Structure formats: structure tokens, C-alpha cells
Amino acid sequence: EKLLLCPCHQSTFDVLDGARPVFGPATRPLPQLPLAVDDEGYLVATGDFDEPVGGGFWDRGQ
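Spelled out as C-alpha cells, the structure:
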């Protein structure tokens, strides 16, 4: 089991299960960025996020 702790609100996510929340106030999985290793061994993004990133703070009041 590989878990990731968010230091902002202490939500914990299971990175091997779609980054789903397993503890804390988070109610949705973390958005995932498609990654690959290039020919030189660098980690590179191969696309964009499929959904908005963040807790929705910037969408308030719209």
C-alpha cells in the first residue's frame, strides 16, 4: 500500500488505487497527470490533467 499525505488538510490518498482518498476531508481522488520516462531518463508529462486541479477555491462566487 502506497499512501500520499497532503500537508494542507492531512488527507491521505492511495496512489496505487487511482489516488482515491482513504482518510481526511478530501472527497474525490487526486487528478492524475499522464507521465512517461523519455529516452534520456527524464520524467515528462505526456498530456494534460483530465479534470480541474485544486479544491474548487477559485470557482467560489461564480
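Our numbering runs 14 ahead of the 1-based position in the sequence shown. Yeah, the Cβ is synthetic: ideal placement off N, Cα and C, and Gly gets one too. Note that this is a predicted model, so its numbers are computed, not measured.
Asked, Found
"Beta-bridge pairing of Pro35 - partner residues as DSSP gives them", "Phe27"
"Residue range of the beta strand (DSSP E) that includes Val51", "49-51"
"Residue from Pro48, Gly68, Tyr56 whose Cα sits closest to the Cα of Asp62", "Pro48"
"Outcome for Phe27 when other beta-carbon atoms lying within 10 angstroms are tallied against a minimum of 16", "buried"
"Closest by C-alpha distance to Arg42, when choosing among Tyr56, Glu65, Asp52", "Glu65"
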